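Everything below concerns the one structure shown next.
Number of protein chains: 2
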Amino acid sequence: MKISDSEKKVMDVLWQSPSITAKAIIRQLDPNLGWQDRTVKTLINRLLKKNAIGFKKKGREYLYFSKIDKEDYIKSASDNFLQRVFNGSVSSLVSTFAKKEKLSKADIESLKTLIKEIEKDG
Amino acid sequence: MKISDSEKKVMDVLWQSPSITAKAIIRQLDPNLGWQDRTVKTLINRLLKKNAIGFKKKGREYLYFSKIDKEDYIKSASDNFLQRVFNGSVSSLVSTFAKKEKLSKADIESLKTLIKEIEKDG
DNA sequence: TACATAAGATTACAAATGTAATCAATTAGG
DNA sequence: CCTAATTGATTACATTTGTAATCTTATGTA
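One line per chain: the protein sequences are A and B, in this order.
Per the working numbering, residue 34 is the first one in the first sequence, and the count goes up by one each step.
Per the working numbering, residue 34 is the first one in the second sequence, and the count goes up by one each step.
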């Protein structure tokens, strides 16, 4: 199942608010997108068709929820990207960011901590 | 300019072989893709239209070359991906891979080296 | 009750993408 | 020279995606 860029923005809202009306989704989306309400409704319907999301009827309104686990999505999107662009090499990926000072001090500390934990686990 | 997944596979060949005929591109693409020659020619023409590649005529054949720098492409694709999926956080990205033991011993050594270099540079 | 509004359902259109076919012109081989 | 093959150019078709419009039905308000 492929989630398009626009669809992903709707998913982000649903991951953040697990049970939400169309109207509320529309309100939570970044206004800078400049989307009409109808556009969002279409995206919702496409996600329904893809079985990426579901709904529970509440009065006249539908409360939409995601059927995809966010972490699972991130994991598989990351794997795909890594494979596609870096032939699976995490270090190549990271060094790409390092090359233009995209690694903050905090990033570096996080990485060091992460590496420590990994080496501790064996 | 957006390079689609299929177009990217053609770009990969061009980045590897900087001046190459359509026939040779076709031969160098992964046979498992199962593409007909015509499919590749279409992709070549779309990349031409996008001005992602150019050609130099040589006899009856065209020698195609990439107009996009590979590193630039990788950089910008990575930035986009990081922003889109991780809100710009490199450490989130890396910890995603770490979580399922996607980091090899070699990756870890590379990362440590990288971190050392970064901290050396200040 | 009647009308307006809101919410979802269905349809629309253009461009991009995946994959391929067909056509036209030139070259190569017999 | 003639024919077949090759190479690039142009066209094709279905699906996906981006963005939106229109229709239908139910609810809410005056």
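Beta carbons are placed, not taken as given, at the ideal position from N, Cα and C, and that holds for glycine.
Computed from a prediction, not measured in an experiment: that's the story for all the values here.
- Local conformation of residue 96 of chain A per DSSP, three classes: Your numbering for residue 96 of chain A matches position 63 in the first sequence. Three-state result, residue 96 of chain A: strand.
- Message: Which residues of the stretch 87-116 of chain A have a Cβ closer than 9 Å to any Cβ of chain B? Give them in chain order.
- Response: For the stretch 87-116 of chain A, residues whose beta-carbon sits nearer than 9 Å to a beta-carbon of chain B comprise 104, 106, 107, 108, 110, 111, 112, 114, 115.
- Query: Along the stretch 121-136 of chain A, what residues have a CB closer than 9 Å to any CB found in chain B?
  - Reply: Cβ contacts with chain B come from 121, 122, 123, 124, 125, 126, 127, 128, 129, 130, 131, 132, 133, 134, 135, 136.
- Chain-ordered neighbours of residue 37 of chain A on chain B, where CB pairs are closer than 8 Å: Your numbering for residue 37 of chain A matches position 4 in the first sequence. The contacting residues do not exist; residue 37 of chain A stays about 11 Å from chain B at best.
- In chain order, what residues of the same chain lie with their CB nearer than 6 Å to the CB of residue 7 of chain A, ignoring the 5 residues before and after it? Nothing can be reported for residue 7 of chain A: it is not among the residues displayed for chain A, which extend from 34 to 155.
- Which residue or residues does DSSP assign as beta-bridge partners of residue 86 of chain A? Taking the first residue of the first sequence as 1, we reach residue 86 of chain A at position 53. Bridge partners of residue 86 of chain A: A:99.
- Query: Is the stretch 91-101 of chain A touching the stretch 100-120 of chain B, taking contact as three or more C-beta pairs under 8 Å?
  - Reply: Judged by Cβ distances under 8 Å, the stretch 91-101 of chain A makes no contact with the stretch 100-120 of chain B, as fewer than three pairs qualify.
- Item | Outcome for residue 66 of chain A when other beta-carbon atoms lying within 10 angstroms are tallied against a minimum of 16 | Here the question's residue 66 of chain A lines up with position 33 in the first sequence. Classification of residue 66 of chain A: exposed, given that the 10 Å Cβ count is below 16.
- Looking at C-alpha atoms only, which residue of A:142, A:148, A:131 is the closest neighbour of residue 20 of chain B? Residue 20 of chain B is absent from the model: chain B starts at 34 and stops at 155.
- For residue 95 of chain B and residue 88 of chain B, the rounded distance between their alpha carbons: Position 55 of the second sequence, counting from 1, holds the residue named residue 88 of chain B. Position 62 of the second sequence, counting from 1, holds the residue named residue 95 of chain B. CA-CA distance, residue 88 of chain B to residue 95 of chain B, rounds to 6 Å.
- Option in B:104, B:111, B:36, B:115 with minimal Cα separation from residue 77 of chain B: Here residue 77 of chain B corresponds to residue number 44 of the second sequence, with the count starting at 1. Residue nearest to residue 77 of chain B within the set B:104, B:111, B:36, B:115 is B:36 (criterion: CA-CA distance).
- Mark residue 103 of chain A as exposed unless 16 or more other C-beta atoms lie within 10 angstroms of its C-beta, in which case mark it buried. Start at 1 with the first residue of the first sequence, and residue 103 of chain A comes out as number 70. By the 10 Å Cβ count, residue 103 of chain A comes out exposed.
- Taking 7 Å as the CB-CB limit, is residue 140 of chain B close to chain A? In the second sequence, residue 140 of chain B corresponds to position 107, counting from 1. Yes, its Cβ sits closer than 7 Å to a Cβ of chain A.
- Message: So with CB distances below 7 Å, who are the chain B contacts of residue 157 of chain A?
- Response: Residue numbering for chain A in the displayed model covers 34 to 155; residue 157 of chain A lies beyond these limits and cannot be assessed.
- Query: Of the choices A:91, A:143, A:145, whose alpha-carbon is the least far from that of residue 53 of chain A?
  - Reply: One-based indexing of the first sequence puts residue 53 of chain A at position 20. Ranking A:91, A:143, A:145 by Cα distance to residue 53 of chain A puts A:91 first.
- Task: Look at residue 130 of chain A and residue 114 of chain B and say whether their C-beta atoms are less than 7 Å apart.
- Result: For the purposes of this step, residue 130 of chain A is taken as residue 97 along the first sequence, with counting starting at 1. For the purposes of this step, residue 114 of chain B is taken as residue 81 along the second sequence, with counting starting at 1. With respect to the 7 Å criterion, residue 130 of chain A and residue 114 of chain B are not classified as neighbours on the basis of their beta carbons.
- Query: In chain B, which residues lie less than 8 Å from residue 151 of chain A when you measure between Cβ atoms?
  - Reply: What you label residue 151 of chain A is simply residue 118 of the first sequence in a count that begins at 1. Those are 131, 136, 141, listed as they occur along chain B.
- Query: Looking only at DSSP bridge pairs, what is residue 53 of chain A linked to?
  - Reply: Taking the first residue of the first sequence as position 1, residue 53 of chain A is located at position 20. DSSP lists A:97 as partners of residue 53 of chain A.
- Taking residue 136 of chain B and residue 123 of chain A to be in contact with their CB atoms under 8 Å, please state how far apart those CB atoms are, rounded to whole angstroms. Here residue 136 of chain B is taken as the residue at index 103 of the second sequence, counted from 1. Here residue 123 of chain A is taken as the residue at index 90 of the first sequence, counted from 1. Residue 136 of chain B to residue 123 of chain A, Cβ: 6 Å. Contact.
- Members of the stretch 41-53 of chain A that neighbour chain B once the beta carbon cut-off is set at 8 Å: Correct list: 41.
- Opening and closing residue of the alpha helix (DSSP H) in which residue 125 of chain B lies: Numbered from 1 along the second sequence, position 92 holds the residue referred to as residue 125 of chain B. Note, residue 125 of chain B: alpha helix (DSSP H), 123-132.
- Message: Only counting the same chain, and skipping five residues up and downstream in sequence, which positions put a Cβ closer than 6 Å to that of residue 80 of chain A?
- Response: As a working note, residue 80 of chain A is residue 47 in the first sequence. The residues are 40, 86.
- Is the Cβ of residue 118 of chain B closer than 7 Å to any Cβ of chain A? Numbered from 1 along the second sequence, position 85 holds the residue referred to as residue 118 of chain B. Output row for residue 118 of chain B: interface = yes.
- Tell me the DSSP bridge mates of residue 108 of chain B? Mapped onto the second sequence, residue 108 of chain B falls at position 75. Partner(s): none; residue 108 of chain B has no beta bridge.
- Message: In whole angstroms, give me the CA-to-CA distance for residue 44 of chain A and residue 128 of chain A.
- Response: Here residue 44 of chain A refers to the residue found at position 11 of the first sequence. Here residue 128 of chain A refers to the residue found at position 95 of the first sequence. Residue 44 of chain A and residue 128 of chain A: Cα-Cα distance of roughly 30 Å.
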